[in-house]
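Asker:
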Amino acid sequence: MKTITFVLMSVLALGADPEFNKNGELVRPKNYREWIFLSSGVGMSYGAGNDPFTNVFVEPSAYRKFVETGRWPEKSIFALELRKPATEGSINKGGQYQTDFIAVEFSVKDTPRFPDGWGYFGFNGSAPTAKVLGASAGCNACHSKNAAVEHTFVQFYPTLLEIAIAKKTLNPSYKP
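If you're matching positions, the sequence shown starts at 37 in the numbering used here and goes up one per residue.
1) With DSSP as the reference, identify every bridge partner of S75, one or two as the case may be.
2) Should A177 be labelled buried (16 or more other beta-carbon atoms within 10 Å of its own) or exposed?
3) Thinking C-beta only, is V94 closer than 7 Å to I246?
4) Could you tell me whether the Cβ atoms of S143 and W154 are closer together than 7 Å?
5) Using a Cβ-Cβ cutoff of less than 8 Å, which residues in the same chain neighbour Q132 once the five nearest sequence positions on both sides are dropped?
6) For M80 and N182, what's the separation of their Cα atoms in angstroms?
7) Answer yes or no: do V20 and A171 have a C-beta to C-beta separation smaller than 7 Å?
8) What number of angstroms, rounded off, separates the C-alpha of E104 from the C-alpha of K167?
9) For K145, is the classification buried or exposed, using 16 other Cβ atoms within 10 angstroms of its Cβ as the cut-off for buried?
10) Note down the Cα distance separating R149 from Y156, rounded to an integer number of angstroms.
What follows is the structure, encoded as structure tokens:
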């Protein structure tokens with residue numbers, strides 16, 4: 037019985053909704069690296085020079101709902117982890133690989149909470165909470181203008197792009 041309870045609690049912990057404190061700040065999810073891995077990229081940032089690797093994760097129940105419907109359910113939460121790139125180390129002499137943690141950012145779908153339906157949060161270092169970035173933040177404008185599905189860059193997640201095409205959920209403004 038203890039084993040069943042532990043497994044059930046573990047599954048529920050992986051499927052938790054975003055948590056906000058009394059000030060409306062997002063509490064940093066501790067287990068995002070256990071979520072569904074969507075994709076990794078390099079140089080997909082707004083800054084110039086020494087472009088980081090980005091790793092994208094989505095909470096498991098949101099992923100399952102997207103696979104079923106082609107849409108993100110309320111309370112969907114994504115993690116965008118940034119890591120430093122390196123070119124030489126161990127046996128690698130030519131390719132790039134990921135090294136040190138830089139930061140993690142989260143996006144949350146919560147239409148009652150956020151005017152555009154999505155909120156964006158940047159965590160530097162090990163900060164336990166983060167305030168929502170304002171409507172004028174670059175992420176809001178870029179996601180609303182360029183995202184393939186809702187405010188998400190499904191165009192960079194090949195397996196999900198296939199689903200969005202099949203379910204006909206691509207944004208009308210999306211241009212491949």
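We put the CB at the ideal spot given by N, CA and C, even for glycine. Because the structure is a prediction, the values reported are computed rather than measured.
Answerer: Taking the coordinates as given:
1) V92
2) So A177 ends up on the exposed side.
3) The requested residue 246 is not part of the displayed model; the chain covers only 37 to 212.
4) yes
5) Cβ neighbours of Q132 beyond the five flanking positions: V78, F89, P121, A122, T123.
6) 13 Å
7) The chain is shown only over 37 to 212; residue 20 falls outside these bounds and no answer can be derived.
8) If you take the alpha carbons of E104 and K167, they lie about 31 Å apart.
9) buried
10) 12 Å
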